[in-house]
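Numbering (this note's numbering), first residue to last: 1125 to 1267.
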């Protein structure tokens, strides 16, 4: 089964922000659809530049809004996040799938990267959808 067969069954419109958008904008876009597990970061040409999974949003929220002390092993991340202003400051490198990829390959990428959603891009790295882990689970376990 291919990504194209299943990737629009949960999230119809992928959550996208620009590199220079504020962290507040990232949170706003993420909260628009509670099924979303990532926000995709694009440049002015709308090419995928990075990904911000909910785990990064949660960590950022913890450091900027709640954390009072920082463990020694978290000091670097805390310092980096405390200075973050834009989406590009907290994004991870782009991880993505193409529509013609097998869903098992997508599943392997999700497990390896510890993320629950992947952007689906075209040959120009423009985001055309996203693949939610629930879409994979549903399709691999259905009879």
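Beta carbons are placed, not taken as given, at the ideal position from N, Cα and C, and that holds for glycine.
- The beta carbon of residue 1230 lies closer than 8 Å to those of 1127, 1221, 1242, 1255, 1260 in the same chain, with the five residues before and after it left out.
- No residue range can be given for residue 1188, since it is assigned to no alpha helix (DSSP H) and is classified by DSSP as neither H nor E.
- With respect to the C-alpha of residue 1125, the residue from 1225, 1239, 1249 having the closest C-alpha is 1225.
- Taking C-beta separations shorter than 7 Å and ignoring five residues to either side along the sequence, the partners of residue 1234 in its chain run 1240, 1242, 1257, following chain order.
- The Cβ neighbour count for residue 1136, taken over all protein chains shown within 10 Å, is under 16; the residue is labelled exposed.
- By the beta-carbon neighbour count (other beta carbons within 10 angstroms, threshold 16), residue 1190 is exposed.
- For residue 1175, the uninterrupted beta strand (DSSP E) run begins and ends at 1172-1177, by DSSP.
- Measuring C-alpha to C-alpha distances from residue 1208 to each of 1223, 1147, 1175 identifies 1147 as the nearest.
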